[in-house]
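**Q**
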Amino acid sequence: MSETALRPHRTIRVELGDRSYPVHIGAGVRNLLPEIVAGSGAKRVVVVSARPRESVPETGVETLFLTARDGEQDKTLSTVEDMCRRFADFHLTRSDLVVSCGGGTTTDSVGFAAALFHRGVAVVHLPTSLLAQVDASVGGKTAVNLPQGKNLVGAYWQPKAVLCDTDFLQTLPREEWTNGFGEIARCHFIGAGDLRGLPLHEQIGASVARKASIVMADERDTGLRHLLNYGHTLGHALERATDFAMRHGEGVAVGTVFAGRLAAALGRIDEARSAEHLEVVAHYGLPTALPAGPTPAELVALMRLDKKATDGLSFVLDSARGPELVHAVPERVVLEVLEAMPRRL
Ligand code: GLY
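This is the structure:
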């Protein structure tokens, strides 16, 4: 192990029986990769990376390096087919290993290729964006998009390990910070505690620890895992209504403020708790107002398409008992709360 790998870091275990794995968080943790490869017994590794080759440490075994591109445009079945063909040409076997390195779109599509190839080959994620470190790379959801919608084809495929190297974040563009902080802000309302003012690696650690505990209780998203979608119902609608000009983290941020207002309008929480939603989101420098453009009626129409909306409009909403998935929220109340939201001009 290199000296860098010995720097102190935090390890969180996602305990899922024979699918358990560690998430290592800290500066330089990517240097744990050769040790993980050696421990896996893999004789060959394919690294699929949206970062330059030198971003990924040597694996210690015969390695094929494939270049990927972060972004929704490449999160397709044809990208997955290309990857699988390259795996096959390299004679990757079921006992070998795939490594993904990049943002959440890369860990999603490489994870999906690993889930499919030989009906499942081990994968290690090296997430390089804040969003991927606090959410996308942990929990085993993998997917690609169809023209009809995002993440429509996917599989649950837990990684062998996740290496959240905070050194990757040093060069992150501004909009990528917004994306990640949107997810960290919503953690405040799903049981992670108040993370404001903590050093970044502790905010990442607490967000991952909360996600791990939720995934351990509901790996297949049949109940508790819905909590991770706090603020997401409106968030996804805002992304779609703005043709994705509004980034995911911005949508979740505004969606979190809205979730606080809606919970108060339904008498689930008091005004002070609703105001806390605004304070927390604003603390992280995130938007708190609706963008100019989409009308409340348009947003409601988009929210009806949400995958949680099996019985009318559904939201994850706060209460004295904590957050819960609430079905059949009256459309009239949703429209009133949207009408009353501040708007960016
Ligand atoms: N990103 C939500 C989940 O993993 O369930």
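Quick note: the sequence shown uses numbering that gives the first Met the number 0, first residue 0, plus one each step. The beta-carbon is built from N, C-alpha and C at its ideal position, and this holds for glycine as well. Being a predicted model, the structure only gives us computed values, none of them experimental.
1. With 16 as the cutoff for other CB atoms within 10 Å, does H23 come out buried or exposed?
2. Would you kindly work out how many angstroms separate the C-alpha atoms of I183 and V256, rounded to a whole number?
3. Within the segment 71-153, note down every full beta strand (DSSP E) run reaching 3 residues or more, in order along the chain.
4. For G25, report the span of its beta strand (DSSP E) as first-last.
5. Between S39 and chain D, is there a C-beta pair that is closer than 8 Å?
6. Should L15 be listed as close to the ligand GLY, given that the test is whether its C-beta is under 7 Å from any heavy atom?
7. Whole angstroms are fine: how far does the CA of G59 sit from the CA of K306?
8. Which residue comes first and which comes last in the alpha helix (DSSP H) that contains A236?
9. Near S1, what residues of its chain come up, given a Cβ to Cβ distance below 7 Å and the 5 sequence neighbours on each side ignored?
10. Which same chain residues, not among the five before or five after E330, have their C-beta less than 8 Å away from its C-beta?
11. Hey, how far is the Cα of F64 from the Cα of V47?
12. Among all residues, which have a Cβ less than 6 Å from at least one non-hydrogen atom of the ligand GLY, and in what chain order do they fall?
13. Between the alpha carbons of A271 and V207, how many angstroms are there, rounded?
14. Would you say L125 and C100 are within 8 Å of each other, going by their C-beta atoms?
15. In whole angstroms, give me the CA-to-CA distance for L91 and R43.
16. What does the alpha-carbon distance come out to for the pair T66 and A319?
17. Are there 16 or more other CB atoms within 10 angstroms of the CB of D17, so buried, or fewer, so exposed?
18. Take D193 and list the residues in its own chain whose beta-carbon comes closer than 7 Å to its own, dropping the five residues that flank it on each side.
19. In the DSSP assignment, find the alpha helix (DSSP H) that holds L265 and state where it starts and stops.
20. Are there 16 or more other CB atoms within 10 angstroms of the CB of L237, so buried, or fewer, so exposed?
21. A142 to G292, Cα distance in whole Å?
22. Give a yes or no on whether the C-beta atoms belonging to P33 and A160 are separated by under 8 Å.
23. Just confirm the distance between the C-beta atoms of D217 and V28, as a whole number of angstroms; I'd bet it's less than 8 Å.
24. According to the Cβ coordinates, are P341 and A288 closer than 8 Å?
25. With 16 as the cutoff for other CB atoms within 10 Å, does G248 come out buried or exposed?
26. In whole angstroms, what separates the C-alpha of R219 from that of E335?
27. Is it true that the segment 138-157 meets the segment 169-180, where meeting means three or more beta-carbon pairs spaced less than 8 Å apart?
28. Whole angstroms is fine: what's the gap from D73's alpha carbon to G266's?
29. Tell me the rounded alpha-carbon separation between S57 and W176.
**A** In this structure, then:
1. Here residue 23 corresponds to residue number 24 of the sequence shown, with the count starting at 1. Taking all protein chains in view, the Cβ of H23 is crowded by 16 or more other Cβ atoms within 10 Å, so the residue is classified as buried.
2. The residue you call residue 183 lines up with position 184 of the sequence shown. The residue you call residue 256 lines up with position 257 of the sequence shown. Computed Cα separation, rounded: 14 Å.
3. Here the runs fully enclosed are 96-101, 121-126 and 140-145.
4. Reading the sequence shown from its first residue, position 26 is the one you call residue 25. Looking at the DSSP string, the run of the beta strand (DSSP E) that includes G25 is Y20 to G25.
5. The structure shown contains no chain D; it is built from a single protein chain.
6. Position 16 of the sequence shown, counted from the start, is the residue given in the question as residue 15. Checking every heavy atom of the ligand GLY against the Cβ of L15, none is found closer than 7 Å.
7. Indexing the sequence shown from 1 puts residue 306 at position 307. Indexing the sequence shown from 1 puts residue 59 at position 60. Cα-Cα distance, rounded: 43 Å.
8. Here the question's residue 236 lines up with position 237 in the sequence shown. Counting along the chain, the alpha helix (DSSP H) containing A236 begins and ends at H231 to A240.
9. For this step, residue 1 is matched to residue 2 along the sequence shown. At S1, the pLDDT of 47 sits below 50, so the modelled position is not reliable; the number obtained from the coordinates is stated separately. Correct list, in chain order: N30.
10. If you number the sequence shown from 1, residue 330 lands on position 331. Excluding residues within five positions, the ones whose Cβ falls inside 8 Å are V299, G311 and L312.
11. Residue numbering aside, residue 64 sits at position 65 when the sequence shown is read from its first letter. Residue numbering aside, residue 47 sits at position 48 when the sequence shown is read from its first letter. Spanning the alpha carbons of F64 and V47 requires a straight line of approximately 6 Å.
12. The answer, residue by residue, is D134, G138, K140, D220, R224 and L227.
13. Numbered from its first residue, the sequence shown carries residue 271 at position 272. Numbered from its first residue, the sequence shown carries residue 207 at position 208. Within the model, the alpha-carbon separation for A271 versus V207 is close to 27 Å.
14. Numbered from its first residue, the sequence shown carries residue 125 at position 126. Numbered from its first residue, the sequence shown carries residue 100 at position 101. Their beta carbons are under 8 Å apart, which means L125 touches C100 by this criterion.
15. The sequence position of residue 91 within the sequence shown is 92, counting from 1. The sequence position of residue 43 within the sequence shown is 44, counting from 1. Those two C-alpha atoms are separated by around 6 Å.
16. The residue labelled residue 66 in the question sits at position 67 within the sequence shown. The residue labelled residue 319 in the question sits at position 320 within the sequence shown. For T66 and A319, the distance between alpha carbons rounds to 48 Å.
17. One-based indexing of the sequence shown puts residue 17 at position 18. It is exposed - the Cβ of D17 has fewer than 16 other Cβ atoms within 10 Å.
18. Stepping through the sequence shown from its first residue, residue 193 is reached at position 194. By the criterion of a C-beta distance shorter than 7 Å, D193 is surrounded in its chain by H187, once the five residues flanking it on both sides are discounted.
19. For the purposes of this step, residue 265 is taken as the residue at position 266 of the sequence shown. It is not in any alpha helix (DSSP H) - L265 carries neither H nor E in the DSSP assignment.
20. On the sequence shown, position 238 is the one that residue 237 refers to. Counting Cβ neighbours within 10 Å, L237 comes out buried, since at least 16 surround it.
21. Counted from its first residue, the sequence shown places residue 142 at position 143. Counted from its first residue, the sequence shown places residue 292 at position 293. Rounded to whole angstroms, the separation of the alpha carbons of G292 and A142 is 30 Å.
22. The count along the sequence shown starts at 1 and reaches residue 33 at position 34. The count along the sequence shown starts at 1 and reaches residue 160 at position 161. No, these two residues do not count as a Cβ contact at 8 Å.
23. By 1-based counting over the sequence shown, the position of residue 217 is 218. By 1-based counting over the sequence shown, the position of residue 28 is 29. Rounded, the Cβ-Cβ distance is 27 Å, inconsistent with contact.
24. Sequence index remark: in the sequence shown, residue 341 carries index 342 (1-based). Sequence index remark: in the sequence shown, residue 288 carries index 289 (1-based). Yes, the Cβ-Cβ distance between P341 and A288 is below 8 Å.
25. Position 249 of the sequence shown, counted from the first residue, corresponds to residue 248. With 16 or more other Cβ atoms within 10 Å, it is buried.
26. The sequence position of residue 219 within the sequence shown is 220, counting from 1. The sequence position of residue 335 within the sequence shown is 336, counting from 1. Roughly 34 Å separates the two Cα atoms.
27. As far as the Cβ criterion goes, the segment 138-157 does not touch the segment 169-180, which means the pair count is below three.
28. Working through the sequence shown from its first residue, we reach residue 73 at position 74. Working through the sequence shown from its first residue, we reach residue 266 at position 267. About 43 Å.
29. The residue given as residue 57 occupies position 58 in the sequence shown. The residue given as residue 176 occupies position 177 in the sequence shown. Here residue 57 turns out to be Glu, not Ser, going by the sequence shown. Rounded to whole angstroms, E57 to W176 spans 28 Å at the Cα level.
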